[in-house]
Ligand SMILES: Cc1cc2nc3c(=O)[nH]c(=O)nc-3n(C[C@H](O)[C@H](O)[C@H](O)COP(=O)(O)OP(=O)(O)OC[C@H]3O[C@@H](n4cnc5c(N)ncnc54)[C@H](O)[C@@H]3O)c2cc1C
Ligand SMILES: Cc1cc2nc3c(=O)[nH]c(=O)nc-3n(C[C@H](O)[C@H](O)[C@H](O)COP(=O)(O)O)c2cc1C
Ligand code: SF4
Ligand code: SF4
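Protein chains in written order, with this note's numbering: chain A, 1 to 449; chain B, 1001 to 1439.
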């Protein structure tokens, strides 16, 4: 990179990456729990994709039954600490809290959940659930992200031998390697991984299916297979200059940040992020927090078209991100290093039935934005190289096709869930998929035997 | 998991949590739904004489925005046909053989009438009978309910009629609206009751509408006293339970009732000697589902403390109750303020200054007041710690080393031995000797 941003002091890094929603103290948790109305058939519970019995776990904080509270949460969700810290709660449970309708502040459900689970992880971890006797069957799981972890934990309780194959050296998927550190630290994700391992789930890291081991082998060793591989490589921009030094994929950049060795990560003084999804926002805010002086988001559509959540947009604005809407990158400029990015303004037409607007380039509106780093965040493709070799599996629009109830793919021994079936949603959706797929697998194997 | 099963005067249930005789236990539909959610037993809504209810029946006591700190009602006993109730009781018991089904009864004070309803009740196959001598309104005007419970002789007479013919355990439900609850409790014992349930509701007027000046709840403009229940009555109920349990002449198993909202409340009743507990208002507020945390919380607590059965827990705090005359007068505590936790609201100051013994100083520091206890003056009353909004900010620190004890009873007899009168002067001399400050 030509102009690397100045490194910050350790204190500055820690301040910049401090948790957005720090843990509640016991007193504040109890006070907040007592504010909960304990609604019946509550809207928050329905809004949670894993349907945690929220009012019940909160009630148990109020009665000082913290162990019971943890049990209520884990009963529905195997990665509740990650969810507590990383879920877009404004869009989910807290957004549905009845207090919002009443015109008052919603209950801080996410922080209460985090309080309960942290309290549990800091205890001597008394058993919460009884594990069924081993049934002698085994399930192979590909990927140790939230989908794979949830599927593994549930199957283990149901009596299966579970082995997770994970290509990364450190497990946890995007919980460990993707979520912005000011929401979730790696250590918290790993606590969850360890907890799931303690339920008897074996995780074999550094094993890439399709390379280190073939899918046939896994298919033959196990009675059933679950695919939770998430999404794969970043989509290319397909513009000139993409190969210049200083052009990086958002996920590679974010993964480097997730090591939490802040000063090892080089960012440009001026950084442009292409795209306006949640990943783009994470990339741009993380670049800024690492010391970049000027940060931009370049997006070819308008503010209403952004897939990033409102609260993510607010975080970005408070990080002084400059948003260039209705702007399309044409080429990245530079000899060896990125020196700038040439963009052109566009005009958006009326929305068609699908809600999409036509993009018309405004003639002679080209301009050059001088930057030192370009982060590409325009989506990911499903990494389907090994999937292509499996009979029966169908991939449509970059998603593995499954039955919506059983999570079974076209190959009846193979199930799938998480980002690879939904094209990229949230941790909580993956956690739900994994758990439900475990029951799909259990029913399938019970019927077979 | 700990064993929560109990046997209360011959009535067994898998856990100590019973529905109290009240609207939640009115019908088979409700009782069966409650059992599905885990309740160990039910005391069927009182049946007996024909009645008709009025609207409105309930008044809520809200405290600083918190709903239903107390609930008052002018509801009568079951207004459904007695035959319907009997039929449903029999069906419910058949469906739920492992749960306790107890039927609450109230009829006019005639021997045949009582003995007739008792026999019909036994025929349903239920596990026990509860005699409602508590209903403080409406029924008492007709000579039933509290009108019986307030007169130990009536209480004994009717209980005798019942135990004479009943082949199943009989619990007597006591009213708190008496001067001394021991007497009706002893009367029940003398009449061979198998256990006691307490408390029923407390006489109350819940409030007045300041626009219409009507008593709440208002029945077309008229109101009356009602029966008070819910969280606010728990301290009164706990006391009455402990009183009955500690009486050497009573000696009956207890079903504790009054303000139980969660497992901790229930546990307090059990620690004071209750075998089962009954719940009404909390179910009326939140539904049957609350029992899940009651069971879970109680059993987690028992696991944590190493108790295997409720027999090991029951009555554990009774030994802590004693007469004032046996307390150590030389036990000394003073308030200590944790300055790091203090949020400078000065509530402790004003409470002590205006409401207690003027032992906290306000010292201006950097734009706020620092609250400092003058330990040498503090009488150890605990008021500041009670009003402080920050948990653990004010603690009462023990100052004596417990090497010396002297109770009031000992002091009085010491004076007697020394041939001294109990006078202010003699007392002052004793206080001075032991460094006790009185303001
Ligand atoms: C930058 C970023 C930020 C995000 N922030 C949030 C957020 O704040 N909140 C939120 O709820 N969601 C967030 N998400 C989305 C969330 O992380 C995903 O929805 C979720 O992790 C999907 O879980 P998964 O288990 O399906 O896949 P992943 O978490 O992607 O896990 C897949 C795992 O499979 C492994 N794998 C892949 N291929 C193979 C193979 N061939 N052999 C062996 N192992 C393989 C991968 O190494 C990985 O560990 C974010 C996503 C990104 C990209
Ligand atoms: C609306 C209402 C109706 C009641 N009806 C009866 C009754 O029919 N028979 C009876 O023995 N007690 C009756 N009670 C008293 C309850 O059984 C219980 O003793 C009392 O409410 C205290 O318990 P709680 O604080 O859990 O509500 C009633 C209480 C309420 C609130
Ligand atoms: S609670 Fe039910 S019965 Fe009572 S007033 Fe309301 S709607 Fe009517
Ligand atoms: S009441 Fe508590 S918080 Fe308030 S001033 Fe006193 S010590 Fe401080």
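All C-beta atoms in this analysis are idealised placements derived from N, C-alpha and C, irrespective of residue type, glycine included.
8 Å Cβ cutoff met for residue i and residue j
i: residue 1365 (chain B); j: residue 1335 (chain B); result: no
i: residue 395 (chain A); j: residue 231 (chain A); result: no
i: residue 1149 (chain B); j: residue 1171 (chain B); result: no
i: residue 407 (chain A); j: residue 49 (chain A); result: no
i: residue 1349 (chain B); j: residue 1371 (chain B); result: yes
i: residue 371 (chain A); j: residue 268 (chain A); result: yes
i: residue 199 (chain A); j: residue 156 (chain A); result: yes
i: residue 1187 (chain B); j: residue 1222 (chain B); result: no
i: residue 1182 (chain B); j: residue 1245 (chain B); result: no
i: residue 1215 (chain B); j: residue 1208 (chain B); result: yes
Cross-chain neighbours of residue i in chain B, by beta carbon under 7 Å
i: residue 423 (chain A); result: Result: empty, since nearest Cβ-Cβ is about 37 Å, beyond 7 Å.
i: residue 59 (chain A); result: 1293
i: residue 27 (chain A); result: 1391
i: residue 40 (chain A); result: 1287
Beta-carbon contacts of residue i that lie in its chain and below 6 Å, excluding the five residues immediately before and after
i: residue 1117 (chain B); result: 1105, 1107
i: residue 281 (chain A); result: 308, 312, 316
i: residue 1192 (chain B); result: 1163
i: residue 1421 (chain B); result: none
i: residue 1154 (chain B); result: 1148
i: residue 351 (chain A); result: 357
i: residue 292 (chain A); result: 5, 267, 271
Chain-order list of residues whose beta-carbon lies under 7 Å from that of residue i (same chain, five-residue window excluded)
i: residue 80 (chain A); result: 73, 74, 113, 117
i: residue 1078 (chain B); result: 1026, 1045, 1046, 1047, 1085
i: residue 1363 (chain B); result: 1369, 1370, 1372
i: residue 1127 (chain B); result: 1011, 1100, 1101, 1102, 1168
i: residue 189 (chain A); result: 82, 172, 175, 176
Residue i versus residue j - alpha carbon distance
i: residue 1265 (chain B); j: residue 1234 (chain B); result: 8 Å
i: residue 309 (chain A); j: residue 1095 (chain B); result: 52 Å
i: residue 55 (chain A); j: residue 128 (chain A); result: 19 Å
i: residue 1014 (chain B); j: residue 1099 (chain B); result: 7 Å
i: residue 1261 (chain B); j: residue 1057 (chain B); result: 21 Å
i: residue 1003 (chain B); j: residue 1032 (chain B); result: 23 Å
i: residue 123 (chain A); j: residue 260 (chain A); result: 26 Å
i: residue 1280 (chain B); j: residue 1076 (chain B); result: 15 Å
i: residue 1152 (chain B); j: residue 1352 (chain B); result: 44 Å
i: residue 148 (chain A); j: residue 84 (chain A); result: 19 Å
i: residue 285 (chain A); j: residue 94 (chain A); result: 24 Å
i: residue 1388 (chain B); j: residue 1394 (chain B); result: 7 Å
i: residue 254 (chain A); j: residue 215 (chain A); result: 29 Å
i: residue 172 (chain A); j: residue 1072 (chain B); result: 54 Å
i: residue 331 (chain A); j: residue 435 (chain A); result: 44 Å
i: residue 1131 (chain B); j: residue 1159 (chain B); result: 8 Å
Cross-chain neighbours of residue i in chain A, by beta carbon under 8 Å
i: residue 1064 (chain B); result: Within chain A, no residue comes near residue 1064 (chain B); the closest Cβ sits about 12 Å away, beyond 8 Å.
i: residue 1300 (chain B); result: 65, 67, 68
Sequence-distant residues of the same chain with beta carbon closer than 8 Å to residue i, five excluded per side
i: residue 1202 (chain B); result: 1136, 1176, 1177, 1227, 1228, 1229, 1233, 1236
i: residue 138 (chain A); result: 160, 161, 162, 163, 221, 222, 223
i: residue 207 (chain A); result: 165, 166, 167, 213
i: residue 411 (chain A); result: 390, 391, 392, 393
i: residue 246 (chain A); result: 1, 2, 268, 334, 337, 338, 372, 373, 374
i: residue 264 (chain A); result: 256
i: residue 89 (chain A); result: 95, 109, 110
Contact set between residue i and chain A, taken where Cβ atoms lie within less than 9 Å
i: residue 1322 (chain B); result: Within 9 Å Cβ-Cβ: nothing; residue 1322 (chain B) doesn't reach chain A, min ~28 Å.
Chain-ordered neighbours of residue i on chain A, where CB pairs are closer than 7 Å
i: residue 1296 (chain B); result: 65, 68
Residue i at chain D interface by Cβ criterion, 8 Å
i: residue 1400 (chain B); result: Absent from the structure: chain D. Protein chains present are A and B.
Positions along the region 1253-1270 of chain B whose CB lies within less than 7 Å of some CB in chain A: Listed by position, the residues of the region 1253-1270 of chain B near chain A (Cβ gap below 7 Å) are 1262, 1263, 1264.
Residues of the region 1384-1405 of chain B whose Cβ lies closer than 7 Å to any Cβ of chain A, in chain order: Within the region 1384-1405 of chain B, 1391 place their CB atoms closer than 7 Å to a CB of chain A, listed in sequence order.
Selection of the region 1279-1294 of chain B by Cβ proximity to chain A, strictly under 9 Å: Under the 9 Å Cβ criterion, the region 1279-1294 of chain B contributes 1285, 1286, 1287, 1289, 1290, 1292, 1293, 1294.
Short-range partners of chain B found in the region 63-74 of chain A, where Cβ spacing is below 7 Å: From the region 63-74 of chain A, only 63, 64, 65, 67, 68 have a Cβ closer than 7 Å to chain B.
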